Amino acid sequence: MQVQVEGMSCGHCVKAVTRAITERDPAAKVNVDLDSGRVDVESRLSPTEVSAVITDAGYTVKGTHA
Numbered sequence: 001m002q003v004q005v006e007g008m009s010c011g012h013c014v015k016a017v018t019r020a021i022t023e024r025d026p027a028a029k030v031n032v033d034l035d036s037g038r039v040d041v042e043s044r045l046s047p048t049e050v051s052a053v054i055t056d057a058g059y060t061v062k063g064t065h066a
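Per full-length UniProt numbering, numbering of the sequence shown is gapless, rising by one per residue and ending at 66.
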């Protein structure tokens, strides 16, 4: 799934989002593109769960696309 995220600006943000998702699903594959604000996620988590995890990490989810 693709998640559009607002508020990421540095390598720490990439690590924080990646860590937040992989803590909930250790098998998840996460790719963060800072320039576009897009996070590509392959996970057993639902889009709602991924959005909640990213929001809990302190970022704003603008939308998801499965």
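Virtual Cβ for every residue (Gly too), placed ideally from N, Cα, C.
Nothing here was measured: the structure is a model prediction, and the numbers come from that model.
Test item: CB-CB of residue i and residue j under 8 Å
{"i": "residue 3", "j": "residue 57", "result": "no"}
{"i": "residue 37", "j": "residue 5", "result": "yes"}
Buried or exposed (CB count within 10 angstroms, at least 16 for buried), residue i
{"i": "residue 51", "result": "buried"}
{"i": "residue 43", "result": "buried"}
{"i": "residue 20", "result": "buried"}
Anticipated Cβ contact below 8 Å, residue i with residue j, distance rounded
{"i": "residue 7", "j": "residue 60", "result": "5 Å"}
{"i": "residue 64", "j": "residue 1", "result": "6 Å"}
{"i": "residue 31", "j": "residue 25", "result": "Not confirmed; about 15 Å, so no contact."}
{"i": "residue 9", "j": "residue 45", "result": "Not quite, the Cβ-Cβ distance comes to about 24 Å (not below 8 Å), so this is no contact."}
Exercise. Counting only runs that start and end within the UniProt domain "HMA" (1 to 62), where is the alpha helix (DSSP H) found for 4 or more residues in a row?
Worked result: Positions of the alpha helix (DSSP H) runs, each at least 4 residues long and wholly inside the UniProt domain "HMA" (1 to 62), are given as 11 to 24, 47 to 56 in order along the chain.
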